[in-house]
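K.L.:
In this note's numbering, the protein residues as written are 17 to 343. Every residue gets a Cβ at the ideal spot worked out from N, C-alpha and C, and that includes glycine.
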Ligand code: NDP
Ligand code: GDR
């Protein structure tokens with residue numbers, strides 16, 4: 017039975033990736049950072065019904081000794097580095113912490129692997145945010161980067177550290193440049209989930225208005241369940257490499273709102289307001305990915321459409337609020 021280690025196991029992708037790897041017969045070990053609110057930790061794993069199947073082990077990306085200890089104990093065959101301060105907006109308020117966790121955290125893990133378990137395969141969760149102020153209308157692996165936030169800059173450092181460890185030490189280190197991917201397990205602070213949660217609350221009479229920031233930004237949105245499959249496929253290749261993972265369709269926040277509100281028979285224009293204080297200091301206006309390489313080399317393509325994903329997210333948020341109302 018192969019063993020995998022997942023950092024960020026309590027996040028959206030960590031939960032879906034754990035589920036996928038358990039189904040594939042892996043022993044799944046998840047790095048868990050200590051929290052005073054231990055009762056809510058693992059909520060997503062619980063929601064997927066796999067909390068008892070994942071082995072959670074104490075550690076933190078900023079603590080090299082904890083990473084070394086975990087690698088020595090479990091000797092994983094595959095390591096997926098999903099742990100990060102991943103909220104772009106927060107990275108302006110906490111730029112140094114974002115650098116330490118999202119950037120240096122990856123370097124800590126790569127170094128721990130080099131020292132303890134150099135034969136392990138490594139996946140780095142890189143991001144389309146690295147393209148930032150885009151240099152080409154469709155972004156692929158050859159598109160130059162232009163990061164626009166402390167988060168994107170930290171991710172760029174982690175990305176190049178991954179490439180450098182591959183080239184310097186012949187490590188099987190791959191980087192997935194993933195475009196936005198969402199699901200009912202998306203954190204409530206991200207725009208898609210904020211909208212579907214808002215739709216549910218407004219539909220059930222719990223709220224009247226939804227305050228957002230920039231409605232004209234465009235994102236290439238896919239479903240997290242599809243995207244974690246791409247991560248796994250990258251580590252099954254003989255040679256490590258970098259891959260863009262995207263749907264090739266871009267949509268404004270405004271259109272997303274229109275789709276989500278109309279699903280429950282509402283007009284978003286009656287409820288959504290754009291507030292200046294929710295705008296970002298620097299914006300990534302539009303992202304549109306070209307995942308031809310992933311399609312050709314990995315045989316990967318998305319299976320869930322934006323409309324299907326919105327339906328699933330709104331339905332789950334309606335159920336969550338109805339359950340709370342009944343309690
Ligand atoms: P989430 O924000 O849902 O999860 C982030 C995870 O990182 C959580 O498990 C969190 O733990 C953990 N974490 C935070 N700080 C530390 C730390 N110091 N040490 C160890 N773990 C830590 O992110 P997603 O699941 O959405 O994304 C997964 C990865 O992919 C992230 O690296 C993200 O930046 C990247 N990415 C995401 C995309 C997306 O659209 N979702 C697109 C491209 C890249 P805790 O629960 O304790 O907070
Ligand atoms: P993003 O996702 O920054 O692309 O990063 P987010 O959903 O936060 O923002 C997407 C776009 O929506 C606009 N927006 C709002 N965003 C939020 N969060 N809240 C609002 O109220 C709001 N109103 C408008 C934003 O300005 C932005 O243009 C995500 C994260 O998962 C990263 O970790 C990951 O690397 C990238 O996706 C790819």
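Classify residue 193 as helix, strand or coil using the three-state DSSP reduction.
P.N.:
Residue 193 falls in the strand class under three-state DSSP.
K.L.:
Who are the near neighbours of residue 148 in its chain, counting only those whose CB is closer than 8 Å to its CB and skipping five residues on each side?
P.N.:
Correct list, in chain order: 161, 162, 163, 164, 165, 168 and 300.
K.L.:
Alpha carbon to alpha carbon, how far is residue 81 from residue 225? Give it in angstroms, no decimals.
P.N.:
Taking the straight line from one Cα to the other gives about 47 Å.
K.L.:
Kindly list the residues whose CB is nearer than 6 Å to the CB of residue 307, restricted to its own chain and excluding five residues on each side of it in sequence; keep chain order.
P.N.:
If we look at residue 307 and ignore the five residues flanking it on each side, its Cβ neighbours are 260, 261 and 262.
K.L.:
Would you tell me roughly how many angstroms separate the C-alpha atoms of residue 231 and residue 295, rounded to the nearest one?
P.N.:
Roughly 10 Å between the two C-alpha positions.
K.L.:
If you scan the segment 195-243 from start to end, which runs of the alpha helix (DSSP H) of 4 or more residues do you find wholly inside it?
P.N.:
If we require 4 residues or more, the alpha helix (DSSP H) runs fully inside the segment 195-243 come out as 207-219.
K.L.:
Helix, strand or coil, according to DSSP, for residue 121 in the structure here?
P.N.:
Residue 121 falls in the helix class under three-state DSSP.
K.L.:
Can you have a look at residue 7 and say buried or exposed, based on whether 16 or more other CB atoms are within 10 angstroms of its CB?
P.N.:
Any property of residue 7 remains undetermined from this structure, which presents the chain solely from 17 to 343.
K.L.:
Between residue 100 and residue 117, which are expected to be in contact by the criterion C-beta below 8 Å, what is the C-beta distance as a whole number of angstroms?
P.N.:
Rounded, the Cβ-Cβ distance is 6 Å, consistent with contact.
K.L.:
In this structure, does DSSP put residue 253 in helix, strand or coil?
P.N.:
Three-state DSSP puts residue 253 in coil, outside helix and strand.
K.L.:
Any idea if residue 75 is buried or exposed, counting beta-carbon neighbours within 10 angstroms, 16 or more meaning buried?
P.N.:
So residue 75 ends up on the buried side.
K.L.:
Exposed or buried, residue 250, counting other C-beta atoms within 10 Å across all chains shown (16 or more means buried)?
P.N.:
Label assigned to residue 250: buried.
K.L.:
What is the residue span of the alpha helix (DSSP H) that residue 324 lies within?
P.N.:
From DSSP, the alpha helix (DSSP H) with residue 324 extends over 322-342.
K.L.:
Whether or not the segment 91-106 and the segment 17-37 are in contact is what I'm after, with contact meaning three or more pairs of Cβ atoms, one per stretch, closer than 8 Å; do they touch?
P.N.:
Flag = yes, the segment 17-37 and the segment 91-106 touch.
K.L.:
Sort 62, 298, 219 and 40 by Cα distance to residue 248 and report the nearest one.
P.N.:
Checking every option, the nearest Cα to that of residue 248 belongs to 40.
K.L.:
At a cut-off of 7 Å, would you count residue 172 as near the ligand GDR, judging by its Cβ distance to the nearest heavy atom?
P.N.:
The answer is no for residue 172.
K.L.:
Is the separation between the beta-carbon of residue 304 and that of residue 155 shorter than 8 Å?
P.N.:
A contact, by the Cβ cut-off of 8 Å.
K.L.:
Output the residue ranges of the beta strand (DSSP E) runs that lie fully inside the segment 269-329 and measure 3 residues or longer, sorted by chain position.
P.N.:
Here the runs fully enclosed are 288-290.
K.L.:
Let's test the definition: count the other Cβ atoms within 10 Å of the Cβ of residue 207 and tell me whether it reaches 16, buried, or not, exposed.
P.N.:
Looking at its Cβ environment, which holds 16 or more other Cβ atoms inside 10 Å, residue 207 is buried.
K.L.:
Which stretch, first to last residue, makes up the alpha helix (DSSP H) that contains residue 183?
P.N.:
Note, residue 183: alpha helix (DSSP H), 166-185.
K.L.:
Between 258, 316 and 292, which has its C-alpha nearest residue 159's C-alpha?
P.N.:
Here the closest residue by C-alpha is 258.
K.L.:
Spatial neighbours of residue 69 within its chain, please: C-beta separation below 6 Å, excluding the five flanking residues on both sides.
P.N.:
Within the same chain, residue 69 has close Cβ partners 38.
K.L.:
Does the distance from the C-beta atom of residue 170 to that of residue 140 stay below 8 Å?
P.N.:
No, these two residues do not count as a Cβ contact at 8 Å.
K.L.:
For residue 119, is the beta carbon positioned less than 7 Å from some heavy atom of the ligand NDP?
P.N.:
It does not: the Cβ of residue 119 is nowhere closer than 7 Å to a heavy atom of the ligand NDP.
K.L.:
For residue 317, I'd like the list of residues in its chain whose CB is within less than 6 Å of its CB, leaving aside the five on either flank, ordered along the chain.
P.N.:
Closer than 6 Å at the Cβ level, and outside the excluded window around residue 317, lie 311.
K.L.:
Measure the alpha-carbon distance for residue 286 versus residue 45 and round it to whole angstroms.
P.N.:
In a straight line, the C-alpha of residue 286 is about 46 Å away from that of residue 45.
K.L.:
Cβ of residue 112 within 7 Å of any heavy atom in the ligand GDR?
P.N.:
Residue 112: no, Cβ never under 7 Å from the ligand GDR.
K.L.:
Using a threshold of 8 Å, state whether the C-beta atoms of residue 241 and residue 267 are closer than that.
P.N.:
For residue 241 and residue 267, no; Cβs fall outside 8 Å.
K.L.:
Based on the DSSP output, what are the partners of residue 21 in its beta bridges?
P.N.:
In the DSSP output, where bridge partners are listed per residue, residue 21 has 45 and 95.
K.L.:
Going by the C-beta, is residue 197 closer than 7 Å to any heavy atom of the ligand NDP?
P.N.:
Checking every heavy atom of the ligand NDP against the Cβ of residue 197, one is found closer than 7 Å.
K.L.:
Tell me whether residue 400 counts as near the ligand GDR, meaning its Cβ is closer than 7 Å to at least one heavy atom of that ligand.
P.N.:
This structure cannot speak to residue 400, because the chain is shown only from 17 to 343.
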